[in-house]
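Novice: For the protein sequence lines, the chains are A and B, in the order given. For the first sequence, numbering that gives the first Met the number 0 begins at 0 and goes up steadily by one. For the second sequence, numbering that gives the first Met the number 0 begins at 0 and goes up steadily by one. Even for Gly, the Cβ is constructed at its ideal location relative to N, Cα and C.
2 protein chains.
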Amino acid sequence: MPGIFWVVPIAGVITIIFAIFLARNVLKRPMGTPKMKEIGDIIFQAAWAFLKRQYTTIAIYSVAIAVIIGVLVGVLGGTEVEGLSPLDIGWRTGVSFLVGALCSGVAGFIGMYIAVKSNARCAAAAQKSLTEAVNVALRGGAVSGFLITALSLIGVTVIFFAYGGATNPQIAPHLIVGFGFGASFVALFAQLGGGIYTKAADVGADLVGKIESGIPEDDPRNPAVIADLVGDNVGDCAGRGADLFESTAAENIGAMILGIAAYVATGNIAWILFPLCVRGFGMIASMIGIFFVRAKENENAMSALNRGYFVAIALSVVGLAVTVYFMLDNWWLFGAGVIGIAASVVIVFVTQYYTEWRYKPVRSIAEASKTGPATNIIMGTAVGFETTLATALVIGISLLLSFWMGDMSGVHGAFGTAVATMGMLMTCPYVLSMDTFGPITDNANGINEMAGAGPEVRKVTDRLDAVGNTTKALTKGYAMVSAGLAAFLLFQAYLDRVSFIKYGESGLYSIVNIARIEVFVGALLAVMIVYLFSSWAIKAVGKTASKIIEEVRRQFRADPGILAGTSKPDYARAVDITTRAGLREMIAPGLLVVLGPIIIGVVFRFIPGYDAAMAVAAVLMVGTIGGIMMASFMNNGGGAWDNAKKMIEDGQLKDDEGKVIVKGSFTHQAAVVGDTVGDPLKDTAGPSLHVLVKLLATITLVMCPLFIIV
Amino acid sequence: MPGIFWVVPIAGVITIIFAIFLARNVLKRPMGTPKMKEIGDIIFQAAWAFLKRQYTTIAIYSVAIAVIIGVLVGVLGGTEVEGLSPLDIGWRTGVSFLVGALCSGVAGFIGMYIAVKSNARCAAAAQKSLTEAVNVALRGGAVSGFLITALSLIGVTVIFFAYGGATNPQIAPHLIVGFGFGASFVALFAQLGGGIYTKAADVGADLVGKIESGIPEDDPRNPAVIADLVGDNVGDCAGRGADLFESTAAENIGAMILGIAAYVATGNIAWILFPLCVRGFGMIASMIGIFFVRAKENENAMSALNRGYFVAIALSVVGLAVTVYFMLDNWWLFGAGVIGIAASVVIVFVTQYYTEWRYKPVRSIAEASKTGPATNIIMGTAVGFETTLATALVIGISLLLSFWMGDMSGVHGAFGTAVATMGMLMTCPYVLSMDTFGPITDNANGINEMAGAGPEVRKVTDRLDAVGNTTKALTKGYAMVSAGLAAFLLFQAYLDRVSFIKYGESGLYSIVNIARIEVFVGALLAVMIVYLFSSWAIKAVGKTASKIIEEVRRQFRADPGILAGTSKPDYARAVDITTRAGLREMIAPGLLVVLGPIIIGVVFRFIPGYDAAMAVAAVLMVGTIGGIMMASFMNNGGGAWDNAKKMIEDGQLKDDEGKVIVKGSFTHQAAVVGDTVGDPLKDTAGPSLHVLVKLLATITLVMCPLFIIV
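(1) Residues of the segment 530-553 of chain B in Cβ contact with chain A at a cutoff of 7 Å, in chain order, please.
(2) Under 9 Å between beta-carbons, which chain B residues line up against E385 of chain A? List them in chain order, please.
(3) Since E659 of chain B sits in a beta bridge, which residues does DSSP pair it with?
(4) Count the other CB atoms within 10 Å of the CB of A563 of chain B; is the residue buried (16 or more) or exposed (fewer)?
(5) For L83 of chain A, does the three-state DSSP call read helix, strand or coil?
(6) So, using beta-carbon positions, are S285 of chain B and G339 of chain B closer together than 8 Å?
(7) Go ahead and label K27 of chain A buried or exposed: buried means 16 or more other beta carbons lie within 10 angstroms of its beta carbon, across all protein chains shown.
(8) Beta-carbon of N767 of chain B versus every beta-carbon of chain A: anything under 8 Å?
(9) Express the C-alpha separation of G307 of chain B and G11 of chain B in angstroms, rounding to a whole number.
(10) Rounded to whole angstroms, what's the CA-CA distance from E584 of chain A to L694 of chain A? Just pull it up for me.
(11) Indicate whether I439 of chain A and C102 of chain A have their beta-carbon atoms separated by less than 8 Å.
(12) Locate the alpha helix (DSSP H) running through D495 of chain A, then write down its first and last residues.
(13) By the criterion of Cβ-Cβ separation under 8 Å, what are the contact partners of A391 of chain B in chain A?
(14) Please decide whether T380 of chain A counts as near chain B, where near means a Cβ-Cβ distance under 8 Å.
(15) Measure from the C-beta of M404 of chain B to each C-beta in chain A and report whether the shortest distance is under 8 Å.
(16) Reducing DSSP to helix, strand and coil, say where N118 of chain B ends up.
(17) Measuring straight from C-alpha to C-alpha, what distance separates V621 of chain B and V672 of chain A?
(18) By a C-beta neighbour count over all protein chains shown, 10 Å radius and 16 as the cutoff for buried, is K567 of chain B buried or exposed?
(19) Within 10 angstroms of its Cβ, does N232 of chain B collect 16 or more other Cβ (buried), or is it exposed?
(20) Go ahead and label K198 of chain A buried or exposed: buried means 16 or more other beta carbons lie within 10 angstroms of its beta carbon, across all protein chains shown.
(21) Using 8 Å as the limit for Cβ to Cβ distance, is P372 of chain A near chain B?
(22) For the putative contact between A237 of chain B and G99 of chain B, defined by C-beta atoms under 8 Å, what is the C-beta separation to the nearest angstrom?
(23) Label F348 of chain A either buried or exposed according to how many other C-beta atoms from any shown protein chain fall within 10 Å of its C-beta, with 16 as the threshold for buried.
(24) Where does F519 of chain A land, buried or exposed, given buried means 16+ other C-beta within 10 angstroms?
(25) At which residues does the alpha helix (DSSP H) containing T435 of chain B begin and terminate?
(26) Please check if any C-beta of chain B sits within less than 8 Å of the C-beta of A485 of chain A.
(27) Pick out whichever of A:T56, A:R220, A:M407 has its Cα sitting closest to the Cα of P559 of chain A.
(28) So what does N635 of chain A bridge to, in DSSP terms?
(29) Between the Cα of I287 of chain A and those of A:L257, A:L314, A:P274, spot the shortest distance and give me the residue it belongs to.
(30) Find the residues of chain B that neighbour A367 of chain A, judging by a C-beta separation of less than 7 Å, and give them in chain order.
(31) With a threshold of 8 Å between beta-carbons, can P679 of chain B be considered close to chain A, or not?
(32) Alpha carbon to alpha carbon, how far is M326 of chain A from A514 of chain A? Give it in angstroms, no decimals.
(33) If you reduce the DSSP assignment to three classes, tell me which class N305 of chain A lands in.
(34) For chain A, check one thing: does any of its Cβ atoms lie closer than 8 Å to the Cβ of V418 of chain B?
(35) Could you check whether G677 of chain A and G636 of chain A sit closer than 8 Å to each other, using their CB atoms as the reference points?
(36) Using the C-alpha atoms, what's the distance from V344 of chain A back to K359 of chain A?
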């Protein structure tokens with residue numbers, strides 16, 4: 000064991016202490032006026048209730064899937080692999096699946112708990128100063144961000160050693176793939192259920208409130224407002240947390256599998272442990288980055304966050320250099336890691352270009368709103384589609400370069416892409432903290448609106464809310480590109496695993512020939528699954544939003560006092576509608592993604608002459624391409640629509656005669672339609688697609704024994 | 000030469016005589032009232048002017064590209080192939096490119112000429128009877144449909160023999176690939192320019208007319224109405240015609256290349272000529288089908304069209320059996336052809352399910368309109384995405400089955416998919432006739448509205464217009480699935496050609512390994528190109544529509560007499576805007592598709608260790624998958640949005656209290672927004688994507704010498 004490996008447990012423990020310290024710091028702060036406390040408590044209870052029900056459902060499915068995996072792999076898994084019978088592999092995979100699922104669930108719960116508790120405290124802090132508000136929001140977000148990555152690192156490490164990593168390191172990574180699958184399984188449902196919840200509430204509340212009744216966003220008279228605020232927490236916090244938990248876990252495991260070949264060749268276990276150490280240094284770099292965020296009162300909060308981010312980036316480069324020096328002493332691989340870090344910086348600028356109103360894309364959407372909602376939607380779709388250019392180039396160039404460096408290093412090209420992915424994910428805890436900053440400030444803004452805080456306070460939280468929108472968009476770009484980078488390493492891990500099962504060693508199964516008919520059809524079906532999944536996800540939002548709208552209209556009709564502000568609306572009804580929809584509607588798309596590749600693989604396995612493992616590889620590879628391009632459209636397009644609307648609301652758009660176009664005008668209403676259409680794309684389907692892509696990878700890794708005729 | 004080959008020239012000549020007969024029959028009919036004649040003439044002149052300018056631009060680009068191809072292939076084309084120097088291959092490819100481009104242009108011009116001339120005559124016939132109107136519209140459409148397919152067959156046959164097909168049949172198919180490229184090059188620009196023209200005019204006219212000013216569709220007071228009517232002709236007639244011209248040409252050439260291997264093995268030239276003969280029988284079957292269309296006065300015109308279609312289908316099966324019996328005597332291949340024919344029937348039902356208001360998908364969009372434009376768009380997007388399921392299954396299952404039959408036949412699996420494609424395309428002339436039926440009836444309806452025909456007459460053309468919408472949707476489904484089927488055979492033709500150039504014989508280059516980094520990145524870039532192309536196409540429509548709206552608003556402001564009906568609007572201004580936009584905006588997306596694959600191939604060729612030909616193969620294959628899935632979304636989604644609006648206009652949607660929702664209501668306006676958003680998807684980007692997919696195939700076939708290091 001290389002001495003530097005101790006960075007893993009040390010960083011893990013420090014990170015947890017750091018998170019506990021931050022959590023205590025946030026929790027001891029005041030919650031503001033009794034009114035704010037009351038609203039905060041309502042949000043907390045509703046969010047907690049949803050999460051409990053959601054995770055209960057997920058837990059039931061997880062146990063069922065764990066048993067099915069164990070049995071399938073155990074019974075159909077073919078022959079013995081290095082002394083382990085299929086049955087041995089089966090139960091170990093099932094157990095690691097459950098552990099991965101459990102860790103993901105715990106991470107989601109804790110993160111959400113602190114984030115929700117931070118809402119009212121952030122609102123209260125905004126009454127003191129911007130600096131304080133930024134502190135609360137970032138620290139609350141950081142609890143979630145750091146705990147999630149620490150749990151991922153510790154989970155993978157512990158299960159690796161529990162499955163004999165110390166004595167049999169060339170086998171253990173194959174046994175822990177279930178951990179990644181468990182994590183992505185939970186992530187898919189968490190992101191999907193939360194995404195449906197949040198956008199159904201948001202779309203419903205906005206359409207009936209802003210457009211039909213002309214009341215402001217987050218107005219307490221709107222019966223759907225609490226559901227909307229709850230949604231931000233269960234969708235953005237819990238969902239994204241689970242997403243990145245599994246990203247880091249799956250990428251770690253995939254990279255460890257790729258390291259086996261070098262370990263076998265050199266006998267140096269550093270090749271397998273390297274990804275864990277890089278992650279450890281990344282956590283420390285991110286932690287120090289957080290300390291550098293000190294917002295000045297008159298500064299754009301985004302600048303403060305960026306400062307911390309660039310500190311984290313710089314330290315990550317240093318940490319990477321240290322790890323490479325002590326473990327591999329191969330500077331080509333350092334170069335590959337730097338490519339990944341650079342990709343994470345580039346994507347920040349790309350995302351900002353496409354989603355901030357200072358630049359042409361958002362402006363063109365705002366301009367198109369002048370001729371109505373139809374031209375707004377057409378232009379927004381065009382902008383969203385166009386963003387695939389930047390996404391594909393960033394991913395493509397990073398892959399080509401890091402692969403080349405991997406090749407030059409003498410190890411393997413794919414290991415270069417693995418190191419690039421590690422490099423990119425080093426700052427994951429920091430990015431995740433910024434991301435959770437978003438829903439916290441969003442909620443703080445909502446609470447202030449509902450509690451009737453003064454315009455000065457609202458101005459502070461409004462500004463923070465806008466920053467939160469940007470950080471949320473950035474995280475999506477980051478998650479998307481990291482999914483794209485990780486994809487290639489996960490393919491290679493899949494091929495290595497197939498090779499290992501089929502031939503007993505790596506590297507012999509390396510061709511995925513898409514000119515074969517079953518492989519081509521597999522690829523076709525994979526892209527179809529991406530569309531079908533997206534269809535079901537956004538349809539769920541549309542249907543549920545319609546129900547919310549009907550419910551709100553019903554309440555307004557039944558009691559005119561609600562709109563007058565004299566009687567209180569029945570918030571619980573809307574919460575109940577979205578809760579039930581979120582739980583019910585996540586099932587079908589979730590199962591589509593889990594079962595689709597398995598069915599394709601198993602059907603093709605039993606047709607003579609077909610190479611089912613190869614067809615599944617094409618499902619994975621081409622499905623990844625399809626998923627990432629679609630996610631790029633949805634995330635960036637949705638963000639651009641959102642900010643085109645915000646641009647008009649900020650009074651930044653003028654008509655032909657130079658007059659400022661105001662809120663409530665024809666143009667503004669058209670922009671609201673665009674924003675609403677973008678909502679389920681950017682917050683339900685889009686982020687779920689990142690998880691889908693990685694789930695395809697983990698599911699095929701785990702289930703590949705089923706597709707192989709030895 | 001097998002005796003049955005005479006069916007090709009005979010069918011060609013008969014078809015041309017048939018088309019001339021139909022054209023004379025249509026042209027000798029009366030044009031109705033002077034007012035109708037006047038409007039018809041205006042439309043004709045504007046359409047003709049646009050087409051002349053459009054094809055002049057295309058001609059200039061074609062000549063330039065022909066020279067570039069000739070030089071590139073001649074200079075960079077590597078070594079000699081069976082006695083032909085690269086220079087020999089280069090100039091022949093350039094010439095066949097020009098011939099293909101010319102044939103496509105001629106087909107487009109003639110088809111459009113008759114179709115436009117049929118408009119006013121169909122409007123006049125509607126004053127007599129439905130039967131007469133159906134006759135005029137179908138015959139006018141058939142001129143275009145039959146001429147196009149005849150020209151494609153004759154063109155391919157003539158150039159095949161001109162390039163030594165009789166003496167050297169294993170070489171000639173390689174020399175005529177330029178014909179297919181020329182055809183698809185023209186088709187892309189024709190479809191794209193026409194598509195931008197028609198939808199910019201349509202969207203602009205509808206938004207400002209129907210929504211802002213509350214005047215009906217095709218109202219003579221709308222300054223954009225003539226541009227709208229012209230657009231139907233240049234987009235739907237000329238564009239779709241060029242699309243299917245190149246489909247049949249490219250598929251013929253690809254299938255001939257695949258037949259070379261069997262010819263070399265058996266010495267029987269029937270393997271190479273088979274596709275031409277099947278096409279000949281298909282033309283005859285389609286011709287007889289046309290005779291069976293006799294609409295009864297009280298019948299749904301769709302039933303009459305379907306009757307003819309099923310006659311054509313049945314006769315195609317017979318013709319296929321005859322060709323197989325005389326030429327190949329291999330009944331597995333007959334089975335493969337029947338699969339293709341069956342696929343063309345299935346897609347009819349699938350398309351109807353997704354785009355007719357009798358079924359759930361369209362109803363769900365209409366329902367979602369009750370809560371506004373945003374939910375309408377969300378639901379329509381979901382429906383459009385969902386249609387990829389049916390499209391992928393039809394294509395995937397047809398491919399797997401026909402490949403299996405090809406395998407069983409002892410020839411090659413891919414030849415089975417080729418025969419399936421031939422089978423599917425046998426009824427192409429009939430389908431194309433039905434398709435052109437659409438814009439003719441659409442225009443007839445418009446002319447009647449503008450000329451102030453009575454409600455009885457309008458009822459006839461309204462009914463025909465609705466039928467035309469269905470036939471247009473069907474053709475798109477047909478074009479899409481045939482593109483999907485043809486794709487696999489074109490891949491194999493590409494691989495065969497690479498193999499031939501690299502090793503001097505077929506079948507040695509057969510692996511496209513997407514697990515290689517440059518191949519994976521190629522695939523990623525291909526899907527990106529699909530998105531980027533779509534983005535630019537719909538953005539062009541959005542931008543131009545905005546200009547139209549501003550122009551119409553300006554005219555209404557400048558002269559209030561226009562809306563009052565006392566002064567005539569300036570139609571020419573709107574025509575001019577769309578004409579210039581159609582010409583200018585088609586360039587960038589067109590060049591993207593033409594240059595994209597070449598650049599990828601050439602760049603990768605010069606990087607050591609990369610297999611550029613393989614990367615380009617992945618561009619072709621995965622780009623095809625991405626393009627077909629996107630087209631499925633756009634075509635079907637657009638059709639569903641259109642018909643959801645029509646359903647409401649027909650008074651088929653009721654509110655919660657059971658009252659019929661009327662035109663002009665909030666719900667109807669929301670549905671109009673959806674229809675407008677769907678317009679550029681289903682009539683600009685979607686149909687252009689079919690061409691894009693096939694252009695990818697022909698361009699890579701032609702340019703592959705550039706990517707190969709021999």
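Specialist: With the given structure in hand:
(1) Y530, L531, S533, S534, I537, K538, V540, G541, A544, S545, I548
(2) Y530, L531, S534, W535, K538
(3) One point to set straight first is that residue 659 of chain B is Val, not Glu, in the sequence displayed. According to DSSP, which records beta bridges pairwise, V659 of chain B is partnered with B:K653.
(4) exposed
(5) DSSP places L83 of chain A within a strand segment (E or B) once states are collapsed to three.
(6) no
(7) exposed
(8) Here chain B has residues from 0 to 709 only, and residue 767 of chain B is not among them.
(9) 21 Å
(10) 19 Å
(11) no
(12) 454-502
(13) L523, L524, V526, M527
(14) yes
(15) With 8 Å as the cut-off, M404 of chain B does not count as an interface residue toward chain A.
(16) Helix.
(17) In a straight line, the C-alpha of V621 of chain B is about 34 Å away from that of V672 of chain A.
(18) exposed
(19) buried
(20) Around the beta-carbon of K198 of chain A, 16 or more other beta-carbon atoms lie within 10 Å, marking it buried.
(21) yes
(22) The beta-carbon distance between A237 of chain B and G99 of chain B, rounded to whole angstroms, is 16 Å. This is too long to meet the 8 Å contact definition.
(23) exposed
(24) So F519 of chain A ends up on the buried side.
(25) 427-449
(26) no
(27) A:R220
(28) Per DSSP, none; premise fails for N635 of chain A.
(29) A:L314
(30) G541, S545
(31) yes
(32) 41 Å
(33) helix
(34) Under the Cβ distance rule, V418 of chain B does not count among the residues neighbouring chain A, no pair being separated by less than 8 Å.
(35) yes
(36) Roughly 21 Å between the two C-alpha positions.
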